[in-house]
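Count along the sequence shown from 1, add 638, and you get the number used in our numbering. We put the CB at the ideal spot given by N, CA and C, even for glycine.
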Amino acid sequence: MWIIQKKVWKRLDIPGPKGLPVIGNAFQMISQTPYVQLHKWSKQHGNVYKIQMFNEEIVVLSENDVIREALLEKSEDFAGRPFSWRMNYVTPGGDKDIVFRDLSQDLKRVKKIAHRGLKQFGDGMDRIAILASDEIQDCISRFQSHGNTPFDPRESVDQCITNIMTGLLVGEQIDKSSHEFQLVCDLVKSMERCGYAGPGAELDMFPWLRYFGNESFEILKEHKSIREKLFSAWMKRAEKKLSLHSDETRSVCEVLHKHYKQGEISRDEIHGTLFNLLVAGIVTTSSTLKSLLMILINHSDVQKKIQDEIDDVIGDGRLPTFADRHNMPYTEAAILEILRYSTTSTLSVPHKTLCDTSVGGYKVPNGTQVWMNIWALHHDEKYFDEPYEFKVERFLDDDGNLLPGNERKSFLPFGVGKRECLGEAMAKVRMFLFVTSLLQKLEIFPEDKNNPPDPDPIKFTYAITNQPGPFNIIVRDRESRK
Ligand code: HEM
């Protein structure tokens, strides 16, 4: 056993923390915050190091220069996705989706169609903004319905973002009290519960556990069966609607169906794309907004500055539009700062090399799994002074203007290069409209002003994304405005 262990460990000529025989560093990684442990190791072993998870060595990149080298300069080399038994089981057709598929002509084809599906909502995402507005107003009314009583806002935020996403996918709002809506929520929750770094990871190492009543496997099995029925029903509805309005597409499902009829996308690829858009499109955005609420109740000064900007630019006579962002640098900077501070996608999605290559001067052979520690990138003291403090001003210049993209160093909340996020523009529209619509109408407070919940993101819950655990807020209608 020791000889096998030794052989595996010596494969990559890259430094790394010592692990235990056979399991390597797996035990040290079982923590609520694996990205924090990985960040600590980077301080001891450098910005490129390796860890061992059982019989696999994984390269971890932890700093701006090396992450950009891999994702931008050598984008094609690092654009693969490692095999995961769990994801292969749960993904339609094994790997016929977008997120978990290697870079290939097929991936490019499906990504292009998915992009077209999202693009039909307007280059400036104007139709998304209209769809989002109704749902956000509904969420605000739910908040108001609690009067002066404290409540946990997380479920209402989840429901709001879920229904915006399903609205885009199927072209209509789903009744929140319906069985269909509950199924969508269950699908998303089961992926949060069994996402790649949390419980369920044991199935990647020991797939045979599924024969022994493994709880994660039972959840994934249920997920697959619900999803199959739900997506088949959505696609049937899309086909019917398309025939009614002479092939003019009005939803992502309709665009997918149109391309299916033209033989450009398979049924598994359609289900894979819907699966990705639903999960990635909901969990990430709602986690970021929940983190922002947590910050706002801890930083009344930030809340006040956003409200001042809303009063100056929008007033209270109309609803916010996405175009308002051009005149609201402070609000935009607050959204960027929450993406940095809480880092929704702490370890991004794992990458894999598609050829023999190198990074930071180290050789990395074909087929090596590579993790980008976005958390470490976003909390690097070299680029951010007091990185664990929430400071909106770091994204503003001396005149209060938003820092241009090329000056935002060590900041990649949506990734970059061949595998960059497909939904960045959409996420930004929804976050901007949510924050401005909410703070236009309401002030929000912690349940106990003298003892607000701890906003430290290291204490958040880490599933697929980093997000706060239970916390209560109190809302009050805003009174005096310009
Ligand atoms: C705050 C919101 C969001 C954040 C922070 C976020 C972040 C990310 C990150 C870090 C990646 C991985 C990049 C890489 O592999 O290097 C990613 C990929 C992806 N995201 Fe997002 N995302 C967000 C919202 C969305 C939305 C709204 C959608 C869909 C409508 C979406 C769809 C995707 C897809 C399909 C991929 C896979 C791309 C590929 O593998 O080629 N994301 N996202």
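* Asked: Helix, strand or coil for threonine 926 per DSSP?
  -> Here residue 926 is taken as the residue at index 288 of the sequence shown, counted from 1. Secondary structure at threonine 926: helix, using DSSP grouped into helix, strand and coil.
* Asked: Do the stretch 1039–1057 and the stretch 781–793 make contact, defined as three or more Cβ pairs closer than 8 Å?
  -> Contact between the stretch 1039–1057 and the stretch 781–793 is absent, because fewer than three Cβ pairs lie under 8 Å.
* To do: Reducing DSSP to helix, strand and coil, say where aspartate 764 ends up.
  => Against the sequence shown, residue 764 aligns to sequence position 126. Looking at aspartate 764 - three-state DSSP - the assignment turns out to be helix.
* Candidates Ala1014, Gly953, Phe1028: which alpha carbon is nearest serine 938's? -> Taking the first residue of the sequence shown as 1, we reach residue 938 at position 300. It is Phe1028.
* **According to DSSP, residues forming a beta bridge with tyrosine 1000** => Here residue 1000 corresponds to residue number 362 of the sequence shown, with the count starting at 1. Looking at the DSSP output, tyrosine 1000 shares a beta bridge with Val997.
* glutamate 694, enclosing beta strand (DSSP E) - first and last residue -> Position 56 of the sequence shown, counted from the first residue, corresponds to residue 694. From DSSP, the beta strand (DSSP E) with glutamate 694 extends over 694–699.
* DSSP on methionine 966, reduced to helix/strand/coil? -> One-based indexing of the sequence shown puts residue 966 at position 328. DSSP places methionine 966 in coil when its eight states are reduced to three.
* Asked: Going straight from the alpha carbon of proline 1042 to that of serine 863, what length do you get?
  -> As a first step, residue 1042 is located in the sequence shown; it is residue number 404 there, counting from the start. As a first step, residue 863 is located in the sequence shown; it is residue number 225 there, counting from the start. It is roughly 46 Å from the alpha-carbon of proline 1042 to the alpha-carbon of serine 863.
* Return the CA-CA distance between aspartate 1036 and methionine 1069, expressed in angstroms with no decimal places. => One-based indexing of the sequence shown puts residue 1036 at position 398. One-based indexing of the sequence shown puts residue 1069 at position 431. Using only the alpha carbons, I get a separation of about 25 Å.
* **Through-space distance from alanine 918 to lysine 712, alpha-carbon basis** => Here residue 712 is taken as the residue at index 74 of the sequence shown, counted from 1. Here residue 918 is taken as the residue at index 280 of the sequence shown, counted from 1. The alpha-carbon atoms of lysine 712 and alanine 918 are separated by roughly 25 Å.
* **Residues near proline 845 by beta carbon distance below 7 Å, same chain, minus five either side** => Indexing the sequence shown from 1 puts residue 845 at position 207. Correct list, in chain order: Trp723.
* Asked: By a C-beta neighbour count over all protein chains shown, 10 Å radius and 16 as the cutoff for buried, is glutamate 892 buried or exposed?
  -> Position 254 of the sequence shown, counted from the start, is the residue given in the question as residue 892. Burial state of glutamate 892 is buried, judged by a 10 Å Cβ sphere holding 16 or more other Cβ atoms.
* Under 9 Å, do leucine 1015 and isoleucine 778 count as touching if we go by C-beta distance? -> Within the sequence shown, residue 1015 is the residue found at index 377, counting from 1. Within the sequence shown, residue 778 is the residue found at index 140, counting from 1. Not closer than 9 Å, so no.
* Given aspartate 715, which residues of its chain have a CB within under 8 Å of its CB, disregarding the five upstream and five downstream residues? -> As a first step, residue 715 must be located in the sequence shown, where it is residue number 77. Counting only Cβ-Cβ distances below 8 Å, and skipping sequence neighbours, we find Ala708, Thr991, Leu992, Cys993, Thr995.
* Tell me which same chain residues have a C-beta within less than 7 Å of the C-beta of serine 904, skipping the five on either side of it? -> For this step, residue 904 is matched to residue 266 along the sequence shown. If we look at serine 904 and ignore the five residues flanking it on each side, its Cβ neighbours are Lys734.
* Asked: Do glutamate 695 and threonine 1103 have their C-beta atoms closer together than 9 Å?
  -> Within the sequence shown, numbered from 1, the residue matching residue 695 stands at position 57. Within the sequence shown, numbered from 1, the residue matching residue 1103 stands at position 465. The Cβ-Cβ distance between glutamate 695 and threonine 1103 does not fall below 9 Å.
* Asked: Between which two residues does the beta strand (DSSP E) harbouring phenylalanine 1083 extend?
  -> Start at 1 with the first residue of the sequence shown, and residue 1083 comes out as number 445. First-last of the beta strand (DSSP E) with phenylalanine 1083: 1080–1084.
* **Where asparagine 1089 sits in the DSSP three-state scheme** => The residue labelled residue 1089 in the question sits at position 451 within the sequence shown. Secondary structure at asparagine 1089: coil, using DSSP grouped into helix, strand and coil.
* Asked: With a CB to CB cut of under 6 Å and the five nearest residues on each side skipped, what residues in its chain are close to histidine 909?
  -> Working through the sequence shown from its first residue, we reach residue 909 at position 271. The beta carbon of histidine 909 is closer than 6 Å to those of Pro730, Phe869 in its chain, skipping five residues each way along the sequence.
* To do: Look at the alpha carbon of leucine 807 and the alpha carbon of arginine 848, and state the distance between them as a whole number of angstroms.
  => Translated into positions along the sequence shown, residue 807 becomes position 169. Translated into positions along the sequence shown, residue 848 becomes position 210. One Cα belongs to leucine 807, the other to arginine 848, and the distance between them is close to 32 Å.
* Asked: Where leucine 858 and valine 728 are concerned, what is the direct C-alpha to C-alpha distance, given to the nearest angstrom?
  -> For the purposes of this step, residue 858 is identified with residue 220 of the sequence shown, where counting begins at 1. For the purposes of this step, residue 728 is identified with residue 90 of the sequence shown, where counting begins at 1. Annotation: leucine 858 to valine 728 spans about 7 Å, alpha carbon to alpha carbon.
* **Contact check, leucine 650 vs leucine 1060, beta carbons under 9 Å** => Taking the first residue of the sequence shown as 1, we reach residue 650 at position 12. Taking the first residue of the sequence shown as 1, we reach residue 1060 at position 422. Leucine 1060 is positioned such that its CB atom lies no closer than 9 Å to that of leucine 650.
* To do: Leaving aside the five residues before and after glutamate 1117 along the sequence, list all residues of the same chain whose C-beta is less than 8 Å from its C-beta, in chain order.
  => As a working note, residue 1117 is residue 479 in the sequence shown. Excluding the 5 residues flanking it on each side, glutamate 1117 has no same chain C-beta neighbour closer than 8 Å.
* Pick helix, strand or coil for asparagine 1104, following the three-state DSSP scheme. => Counted from its first residue, the sequence shown places residue 1104 at position 466. Strand.
* Asked: Among all the DSSP beta bridges, which residues are the ones paired with isoleucine 1112?
  -> By 1-based counting over the sequence shown, the position of residue 1112 is 474. Paired residues: Phe1083.
* Pairwise C-alpha distance: isoleucine 736 and serine 816 -> Counting from one through the sequence shown, the residue named residue 816 turns up at place 178. Counting from one through the sequence shown, the residue named residue 736 turns up at place 98. Each residue's alpha carbon lies about 29 Å from the other.
* Asked: Would you report the Cα separation of arginine 1046 and phenylalanine 1033, rounded to the nearest angstrom?
  -> What you label residue 1046 is simply residue 408 of the sequence shown in a count that begins at 1. What you label residue 1033 is simply residue 395 of the sequence shown in a count that begins at 1. One alpha carbon belongs to arginine 1046, the other to phenylalanine 1033, and they sit about 7 Å apart.
* Distance CB(isoleucine 973)-CB(valine 1073) smaller than 9 Å -> Numbered from its first residue, the sequence shown carries residue 973 at position 335. Numbered from its first residue, the sequence shown carries residue 1073 at position 435. Cβ distance < 9 Å, so isoleucine 973 and valine 1073 count as in contact.
* From the DSSP output, which residues share a beta bridge with methionine 1010? -> Locating residue 1010 in the sequence shown gives position 372, counting from the first residue. As DSSP reads the structure, methionine 1010 sits in a beta bridge with Leu699.
* **Member of Thr982, Phe1109, Lys688, His897 whose CA lies at the smallest distance from the CA of methionine 932** => On the sequence shown, position 294 is the one that residue 932 refers to. Per the Cα distances, Phe1109.
* To do: Determine the direct distance from the alpha carbon of glycine 955 to that of leucine 930, and round the result to whole angstroms.
  => Taking the first residue of the sequence shown as position 1, residue 930 is located at position 292. Taking the first residue of the sequence shown as position 1, residue 955 is located at position 317. Computed Cα separation, rounded: 25 Å.
* Kindly list the residues whose CB is nearer than 8 Å to the CB of isoleucine 948, restricted to its own chain and excluding five residues on each side of it in sequence; keep chain order. => Against the sequence shown, residue 948 aligns to sequence position 310. Scanning its chain for C-beta atoms nearer than 8 Å, with the 5 sequence neighbours on each side dropped, one finds around isoleucine 948 the residues Pro958, Met966, Thr969, Thr1074, Leu1077, Gln1078, in chain order.
* Asked: Do isoleucine 705 and isoleucine 976 have their C-beta atoms closer together than 9 Å?
  -> Against the sequence shown, residue 705 aligns to sequence position 67. Against the sequence shown, residue 976 aligns to sequence position 338. Their beta carbons are not under 9 Å apart, which means isoleucine 705 does not touch isoleucine 976 by this criterion.
* To do: Return yes when the Cβ of arginine 754 is within less than 9 Å of the Cβ of histidine 897, no when it is not.
  => Counting from 1 along the sequence shown, the entry for residue 897 is found at position 259. Counting from 1 along the sequence shown, the entry for residue 754 is found at position 116. Taking 9 Å as the Cβ cut-off, histidine 897 and arginine 754 qualify as a contacting pair.
* Grab me the residues of leucine 658's own chain with a C-beta within less than 7 Å of its C-beta, minus the 5 sequence neighbours each way, in chain order. => Along the sequence shown, one-based indexing puts residue 658 at 20. Taking leucine 658 as the centre and dropping the five residues before and after it, the same chain places the C-beta of Phe665 closer than 7 Å to its C-beta, in chain order.
* Counting only runs of 4+ residues fully inside the stretch 865–896, write out the alpha helix (DSSP H) ranges in chain order. => Within the stretch 865–896, there are no complete alpha helix (DSSP H) runs of at least 4 residues.
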